[in-house]
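Trainee:
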């Protein structure tokens, strides 16, 4: 099962044999008369046609969608192509299906020529634009959202678009220089406004040259992969072709024994996006880097100027961010609210152990409610079955047993940042909280669904149970939460709904299907192929809709357009018959009562009031920015003050008493590094208002059970 963020650490996610997708006899004859790109395109298309869960017919309508997807990938910010260019390409808009059939690439070849030509043209644009001072007193606006702008009609209009962008980016540079100068005490280093403006333009020229250099250095196989994936995107968002070099870095995990910052990174519309922070890693311990931050620049400790990452291949970007233990790297990140921030992180060896399940005891001193808390970052399992390998179902069972010995009155399972993993462990873990019975249904494109059940009638934990989720909770997390909700075994607390990824992928290395006498064609890359869908035991899908929370709390991620429903060409929500043989829990969760009490509490909570304001702040759809320096700086100061208020609220402790388990503290055995990480983790839990509310919900459940 792939996660919502495209993670690939688990290669096979359910016990299913991968069918041979293409006839080797056909492929052999095809390879003898085809070039590598032709082999890749024909292979992945035929594989998708044969084995995809719901393959669309490859016809003119398919071609039209693939054409739109390709344009979006080719020039996502509409900086390079004009309507005149697109008119030339539009000749092939309805012919992609024919070109696939005929092993031809007229559209791709034309697009590459036009793109390469545009790079030369736009370099001349920005060099000319940046050769003269800007008038930052003029009143004009710049649209940041490319979806709200049409393509430039011609070169003259494209140059005007570049003028506004260069003016905006130079203004940001100038504002930063002005801030630095405001703190300068050495009068000999004070510059005039004109000198600062010239410096800002020079910095932006360097940055623009670097972006262009990154585009020029883009590898041919990456360019071709962009075209292939425009075709694959029409099948669904998770059917993806990876080049040989991208195969290992499609979802970069700077974890394990790597020396780095401990963040999962992904390419997103030209930017390097943070999709996960590894618990216990340097990024986690430093605390400023956040999920969904866009890393726009990187500066090494020995360098005077940062390197612009926009448009850079993800492999190259990661090489700049990684580094030896003890060295420092400064990341310039762009937040979801548009603000920029420099974050300096000291690299270290990322601790794998911190990615496993762990627990704590949370106590509400007002009500004396004592609750066990389990954090589960992913549904991990060691598919290689190494002697030291671990499985999350075993680990959670151990944590539950430890919490029972602490005499907790309920358990909260935190899946807010859990983006998926092993299906087998979902089923085993469900069995810890319910008697034997169905957990999930899995359906292929033919035949009835297969029901996966927990065969063990024993229940390890029978007390009140709550599950924390968010818009980031995906795939395996959604299966578990849905099962517990359908059994009425647990209350789901969190944002309006989870991510909504209810599909299964297999990962196939294309080289595995080539005979040895075709070794000269290797490496070809790999294919992630959607072959099945998950269904709840009540018959509904987790796909698209996700799992709707019983107790809804403000969720910042829900306003960041995170979720399957925001993807193009995603599979629809559908239903199957409910699974047979499941009966609701003997003490069903009193959802209506819990909703009422939580709503009353959060309405009076200052912390949740600020969270609601922050959510509304992020919801603003104002994507235009003033190119007047005074107006821009005033707006920037306003945003900064708002962010400071929100960050101050995040740092306030709740009333919870948080403690590690005595057995875990003993196991630390005086290791100062581990003790430091544990102390920070427990301190962060004390500031978590969602946990505070979850503990109070458990208290409500306990009170209801006594009546």
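In our numbering, the protein residues as written are -17 to 689.
Note that CB positions come from ideal geometry on N, CA and C, so glycine has one too.
Model, not experiment: these values are computed from the prediction.
(1) Closest by CA to residue 32, which one among 534, 308, 512, 540?
(2) Within 10 Å of its beta-carbon, does residue 64 have 16 or more other beta-carbons around it, so buried, or fewer, so exposed?
(3) Where do the ends of the beta strand (DSSP E) carrying residue 125 lie?
(4) Is there contact between the stretch 423 to 440 and the stretch 368 to 384, where contact requires at least three CB pairs shorter than 8 Å?
(5) Is there a Cβ of chain C sitting closer than 9 Å to that of residue 90, yes or no?
(6) Rounded to whole angstroms, what's the CA-CA distance from residue 496 to residue 23? Just pull it up for me.
(7) Please go through the same chain and pick out, in chain order, the residues whose beta-carbon is closer than 6 Å to the beta-carbon of residue 330, but skip the five residues on each side of it.
(8) Which residues bound the alpha helix (DSSP H) around residue 22?
(9) In this structure, how does DSSP classify residue 447 when only helix, strand and coil are distinguished?
(10) Compare the beta carbon distance of residue 515 and residue 486 with 9 Å and say whether it is the shorter of the two.
(11) Are there 16 or more other CB atoms within 10 angstroms of the CB of residue 101, so buried, or fewer, so exposed?
(12) Please return the same chain residues whose Cβ sits closer than 7 Å to the Cβ of residue 639, not counting the five positions on each side in sequence.
(13) At the level of alpha carbons, what is the spacing between residue 231 and residue 297?
(14) For residue 282, which beta-bridge partners are listed by DSSP?
(15) Per the DSSP calculation, residue 511 is bridged to which residue(s)?
(16) Leaving out five residues before and five after residue 302 in sequence, what residues of the same chain have Cβ atoms less than 7 Å from its Cβ?
(17) Quick one: residues in its chain with C-beta nearer than 8 Å to the C-beta of residue 656, no 5 flanking neighbours on either side, listed in chain order?
(18) In the DSSP assignment, what residue or residues form a beta bridge with residue 479?
(19) Could you check the C-alpha separation between residue 525 and residue 541 for me, to the nearest Å?
(20) Helix, strand or coil for residue 255 per DSSP?
(21) In its own chain, which residues sit with a C-beta less than 6 Å from the C-beta of residue 445, not counting the 5 before and 5 after it?
(22) Going along the chain, which residues of its own chain have a beta-carbon closer than 7 Å to the beta-carbon of residue 131, five neighbours each way excluded?
(23) CB-CB under 8 Å to residue 414, same chain, minus the five flanking residues each way: which ones, in chain order?
(24) Put residue 249 into one of helix, strand or coil per three-state DSSP.
(25) Which partner residues of residue 341 appear in the DSSP bridge assignment?
(26) What does the Cβ neighbour count give for residue 123, buried or exposed, with the cut at 16 atoms within 10 Å?
(27) Fully enclosed by the stretch 402 to 434, which alpha helix (DSSP H) runs are 4 residues long or longer?
(28) To the nearest angstrom, report how far apart residue 26 and residue 43 are at their CA atoms.
(29) By the 10 Å Cβ neighbour count, where 16 or more other Cβ atoms means buried, how is residue 463 classified, buried or exposed?
(30) Would a C-beta distance cut-off of 9 Å place residue 258 and residue 401 closer than the cut-off?
(31) Just to confirm the assignment, what range does the alpha helix (DSSP H) spanning residue 684 have?
(32) In its own chain, which residues sit with a C-beta less than 6 Å from the C-beta of residue 270, not counting the 5 before and 5 after it?
(33) With a 10 Å radius around its C-beta and 16 neighbouring C-beta atoms as the bar for buried, classify residue 198 as buried or exposed.
(34) Which residue wins for smallest C-alpha separation from residue 282, given the options 293, 79, 313, 262?
(35) Measure the alpha-carbon distance for residue 732 versus residue 422 and round it to whole angstroms.
(36) With a threshold of 8 Å on Cβ separation, who are the neighbours of residue 671 within its own chain once the five nearest residues in sequence on each side are excluded?
Mentor: Based on what the coordinates show:
(1) 512
(2) buried
(3) 123 to 125
(4) Touching, no, given that fewer than three Cβ pairs across the two stretches are closer than 8 Å.
(5) You won't find chain C in this structure, because it holds only one protein chain.
(6) Roughly 15 Å separates the two Cα atoms.
(7) 264, 307
(8) 18 to 33 is the extent of the alpha helix (DSSP H) around residue 22.
(9) strand
(10) yes
(11) exposed
(12) Within the same chain, residue 639 has close Cβ partners 345, 347.
(13) Residue placement at residue 231 is poorly supported in this model, since its pLDDT is 44, which falls under 50; the coordinates still yield a value, given next. Approximately 7 Å, taken between the alpha carbons.
(14) In DSSP, residue 282 forms a bridge with 311.
(15) 488
(16) 280, 289
(17) 650
(18) 530
(19) Separation of residue 525 and residue 541 (C-alpha to C-alpha, rounded to the nearest whole angstrom) is 19 Å.
(20) strand
(21) 392
(22) 60, 125
(23) 375, 378, 379, 382, 441, 442, 443
(24) strand
(25) 356
(26) exposed
(27) 405 to 412, all fully within the stretch 402 to 434.
(28) 19 Å
(29) That one is buried.
(30) A contact, by the Cβ cut-off of 9 Å.
(31) 671 to 688
(32) 325
(33) exposed
(34) 313
(35) Residue 732 lies beyond the residue range present for the chain, which begins at -17 and ends at 689; the question has no answer from this structure.
(36) 587, 589, 590, 593, 636
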